[in-house]
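Chains as they are written, first to last, in our numbering: chain A, 416 to 678; chain B, 416 to 678. Beta carbons: idealized from backbone N, C-alpha and C, even for Gly. All figures in this text were calculated on a predicted structure; none of them were measured in a lab. Here's the structure, in structure tokens; my notes come after.
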DNA sequence: TGTTGTGAATTCCTTCACAGCC
DNA sequence: GGCTGTGAAGGAATTCACAACA
């Protein structure tokens with residue numbers, strides 16, 4: 416789900432499995448909600464329900480962090496919040512820059528959940544000179560020319576790319592050259608990065624396509640149901656079939672380069 | 416990565432592993448790019464590189480779809496595009512509704528990649544009456560009151576939730592009741608849905624937290640390096656530690672309910 | 001008694017390596 | 001000779017089920 420090119424073999428970072436790391440934020444959210452309601456302790460069963468996983472998985476996940484629970488009782492909410500936060504590195508301040516302040520970039524800049532978890536938007540950067548100086552979410556947009564300076568001055572190590580696909584690799588290269596070593600990519604491209612740089616990708620159209628797959632399957636089951644297999648009716652040997660959407664935008668079959676959005 | 420509550424045991428839908436389904440859109444994108452450059456055939460090695468995976472994995476993935484390649488030659492680009500599109504259900508038209516037209520909802524509505532893959536934005540829905548009628552991305556926003564009618568009239572089966580966290584479950588319930596059976600959730604909540612409904616989640620703050628984890632680990636390795644283990648310095652038994660961000664928005668430790676954004 | 005923590009079993013995914021075919 | 005398709009091996013993630021223990 417992450418790592419652009421660098422075929423890092425899904426390292427078990429510091430002994431904690433990737434799959435577990437990916438769930439820690441979920442637990443953390445559920446725990447913080449409990450904390451706000453001043454719930455002192457929680458069982459694996461309850462917490463698992465709140466996080467939407469099963470309790471055995473949750474207990475195993477926590478076992479990688481240490482033995483933070485009490486048998487017969489459960490987990491101390493505040494303590495766990497602290498431990499998970501520390502494990503995730505959220506007890507420190509992470510300045511991030513957002514590059515590409517279109518619709519999506521603006522949405523990200525306005526997102527409150529950032530600051531509430533140790534992430535601080537250090538700068539907004541856009542290539543459009545007419546954007547420069549315009550405040551978005553209270554932060555003035557700066558021009559791409561200043562990218563390197565901004566990164567270095569703020570000690571930024573995490574960058575968010577919300578540019579069109581065409582610009583993403585170039586922006587990525589500049590970020591990395593300037594010292595960024597973790598990138599969250601919203602552009603619909605596979606980014607190439609040197610060893611040691613982490614890339615995670617958020618790709619809207621991929622999520623929709625996966626949903627469509629399951630949706631189609633459901634529809635098929637309903638219809639068929641009876642005998643034989645579901646093998647599709649062997650298709651035209653070499654005929655490309657394009658979409659046949661109804662209305663809506665168009666801007667090239669797939670090269671995308673959307674006005675502003677994720678894939 | 417999907418399914419809110421419904422603990423569906425990661426079914427291998429129609430024999431194709433979930434992990435493979437999740438990669439098909441990646442291949443499709445790479446293939447479409449090749450198609451545009453009029454490249455007639457491609458080897459597993461080349462295509463894998465373009466999609467950012469390794470070639471053995473790609474070949475195995477394709478083997479679940481059928482034998483669409485030619486030994487000694489490679490894959491016919493157009494043909495594969497068609498086969499994958501069909502497998503994903505993209506050869507048909509999928510009307511979707513977007514609920515919650517804040518910054519993010521607007522970004523989604525403007526996203527071109529939608530239409531280019533069989534997804535058609537059938538309607539934009541928001542709870543704010545003052546939004547009603549206002550066009551976003553050329554589509555007039557409609558009020559939540561009309562949700563059920565819109566779903567039914569357009570035969571919508573895929574819904575996108577881009578509301579604040581507090582409204583998400585309620586919106587979800589209404590969508591499901593009206594007939595939607597696949598949901599893409601951008602709100603930072605675990606959604607409960609009945610059996611048979613698919614939920615996928617896109618959660619920005621989770622992605623950032625995962626990056627922070629790895630970033631922290633990198634920093635730690637640099638520093639340490641030498642002897643002993645990396646076990647952290649046992650922490651204060653029951654003291655919650657809050658962020659210490661610098662500037663930035665605030666709106667409650669975690670309950671989130673952001674102005675408009677994903678988690 | 002009630003709940004954690006964890007070995008063992010299971011299932012799922014990835015990678016290897018090579019036979020089969022063009 | 002080159003490249004696909006796939007059994008088989010290896011590894012990772014999940015789940016089971018129960019001993020340990022407050």
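C-alpha distance - residue i paired with residue j, whole-angstrom precision
i	j	result
residue 440 of chain B	residue 530 of chain B	15 angstroms
residue 457 of chain B	residue 580 of chain A	22 angstroms
residue 541 of chain B	residue 514 of chain B	6 angstroms
residue 615 of chain B	residue 567 of chain A	37 angstroms
residue 443 of chain B	residue 583 of chain A	19 angstroms
residue 481 of chain A	residue 475 of chain A	10 angstroms
residue 607 of chain A	residue 467 of chain B	9 angstroms
residue 560 of chain B	residue 587 of chain B	14 angstroms
residue 501 of chain B	residue 562 of chain A	43 angstroms
residue 436 of chain B	residue 585 of chain A	29 angstroms
residue 447 of chain B	residue 609 of chain A	26 angstroms
residue 431 of chain A	residue 460 of chain A	22 angstroms
residue 470 of chain B	residue 479 of chain A	32 angstroms
residue 463 of chain A	residue 451 of chain B	47 angstroms
residue 595 of chain A	residue 544 of chain A	23 angstroms
residue 578 of chain A	residue 509 of chain A	21 angstroms
residue 631 of chain A	residue 498 of chain B	14 angstroms
residue 484 of chain A	residue 449 of chain A	16 angstroms
Under 8 angstroms between C-beta atoms of residue i and residue j
i	j	result
residue 617 of chain A	residue 573 of chain A	no
residue 625 of chain B	residue 612 of chain B	no
residue 455 of chain A	residue 492 of chain A	yes
residue 524 of chain B	residue 552 of chain B	yes
residue 445 of chain A	residue 465 of chain A	yes
residue 628 of chain A	residue 503 of chain B	yes
residue 519 of chain A	residue 522 of chain B	yes
residue 602 of chain A	residue 565 of chain A	no
residue 528 of chain B	residue 507 of chain B	no
residue 536 of chain A	residue 554 of chain A	yes
residue 526 of chain B	residue 619 of chain A	yes
Proximity test, Cβ basis, 8 angstroms: residue i and chain B
i	result
residue 478 of chain A	no
residue 570 of chain A	no
residue 617 of chain A	yes
residue 482 of chain A	no
residue 526 of chain A	yes
residue 603 of chain A	yes
residue 516 of chain A	no
residue 504 of chain A	yes
residue 475 of chain A	no
residue 467 of chain A	yes
residue 437 of chain A	yes
residue 573 of chain A	yes
residue 620 of chain A	yes
residue 567 of chain A	no
residue 472 of chain A	no
residue 521 of chain A	yes
residue 630 of chain A	yes
residue 459 of chain A	no
residue 680 of chain A	Outside the modelled stretch of chain A, which goes from 416 to 678, sits residue 680 of chain A, for which no answer is possible.
Interface flag, residue i vs chain A, CB-CB below 8 angstroms
i	result
residue 627 of chain B	yes
residue 589 of chain B	no
residue 623 of chain B	yes
residue 613 of chain B	yes
residue 609 of chain B	no
residue 434 of chain B	no
residue 486 of chain B	no
residue 549 of chain B	no
residue 440 of chain B	yes
residue 599 of chain B	yes
Coarse secondary structure for residue i, derived from DSSP in three states
i	result
residue 634 of chain B	helix
residue 516 of chain B	coil
residue 530 of chain B	helix
residue 606 of chain A	coil
residue 538 of chain A	strand
residue 522 of chain A	helix
Near the ligand ATP: residue i beta-carbon under 7 angstroms from a heavy atom
i	result
residue 554 of chain A	What this structure holds is no ligand at all, so the ligand ATP is not there to describe.
Which ranges would you report for the beta strand (DSSP E) in the segment 546-599 of chain A if only whole runs of at least 3 residues count?
-> 554-558 and 573-576
Pick out the complete alpha helix (DSSP H) segments inside the segment 424-505 of chain B, 4 residues or longer, and give them in chain order.
-> Qualifying alpha helix (DSSP H) stretches, in chain order: 433-451, 459-466, 470-480 and 492-503.
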